[in-house]
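Peer 1:
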Amino acid sequence: MIESQRHSYHLVDPSPWPISGSLGALATTIGGVMYMHSFQGGATLLNLGLIFILYTMFVWWRDVLRESTLEGHHTKVVQLGPRYGFILFIVLEVMFLFALFRASSHSSLAPTVEIGGIWPPKGIAVLDPREIPFLNTLIPLLSGAVVTWAHHAILAGKEKRAVYA
Numbered sequence: 001m002i003e004s005q006r007h008s009y010h011l012v013d014p015s016p017w018p019i020s021g022s023l024g025a026l027a028t029t030i031g032g033v034m035y036m037h038s039f040q041g042g043a044t045l046l047n048l049g050l051i052f053i054l055y056t057m058f059v060w061w062r063d064v065l066r067e068s069t070l071e072g073h074h075t076k077v078v079q080l081g082p083r084y085g086f087i088l089f090i091v092l093e094v095m096f097l098f099a100l101f102r103a104s105s106h107s108s109l110a111p112t113v114e115i116g117g118i119w120p121p122k123g124i125a126v127l128d129p130r131e132i133p134f135l136n137t138l139i140p141l142l143s144g145a146v147v148t149w150a151h152h153a154i155l156a157g158k159e160k161r162a163v164y165a
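To convert, note that position 101 of the sequence shown is 101 in UniProt numbering; the numbers rise steadily by one, no gaps.
(1) Does the pairing of the region 41–58 with the region 113–125 give three or more beta-carbon distances under 8 Å?
(2) Tell me the rounded alpha-carbon separation between MET1 and PHE58.
(3) In angstroms, rounded to a whole number, what distance separates the CA positions of HIS151 and PRO140?
(4) Closest to VAL12 by CA distance: which of LEU23, LEU26, SER68 is it?
(5) Can you tell me where the alpha helix (DSSP H) holding PHE39 begins and where it ends?
(6) Using beta-carbon positions only, say whether GLY49 and THR28 come within less than 8 Å of one another.
(7) Could you check which residue in SER108, HIS37, LEU88, LEU54 has the C-alpha nearest to that of ILE124?
(8) Please list, in chain order, all residues of the same chain as ARG161 whose beta carbon is under 6 Å from its beta carbon, the five residues on each side excluded.
(9) Span of the alpha helix (DSSP H) holding SER8?
(10) Check whether the Cβ atoms of PHE52 and GLY32 sit closer than 8 Å, and answer yes or no.
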């Protein structure tokens, strides 16, 4: 570290990628609206915006990886940022799913007058819970069980058992 630097953070150099990503997002948004309203050139602008965003993501992450690995600018304090961000993302997903299930259970247990006071509302075909919903629950649960089994086998040093998982 430089002697005059009194913090452990890496201050990045000026970069064109934030404005580039913003322009790509603007082009994608305007192109999407134009495409949905059947304006001429909407699909082209939408595709150009998406390509611009993908290019920006590629070169921006290239620069971030260069700063962290080749230049060594990512200190322990800097590395905590993505970890905290990922933890907050998982917490956000859990809270979102909780809110979704809470709203669904509230609507089914106390249907409002607007939907006729019945659940499910008229005109909504209900799936049999023993068919598609059961499979949609069973597949992720079994997948998680297999991954956990393989993980524990690898930790125990039994790689052959992990292959069978």
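Think of the CB as a built atom: it goes at the ideal place given N, C-alpha and C, for glycine as much as any other residue.
Peer 2: According to the data block:
(1) no
(2) Its pLDDT being 49, under 50, MET1 is placed unreliably in this model, and the value from its coordinates should be taken loosely. So the two alpha carbons sit approximately 28 Å from each other.
(3) 16 Å
(4) SER68
(5) No alpha helix (DSSP H) contains PHE39, which DSSP labels as neither H nor E.
(6) yes
(7) SER108
(8) ALA153
(9) Segment: none, SER8 is in no alpha helix (DSSP H) and carries neither H nor E.
(10) no
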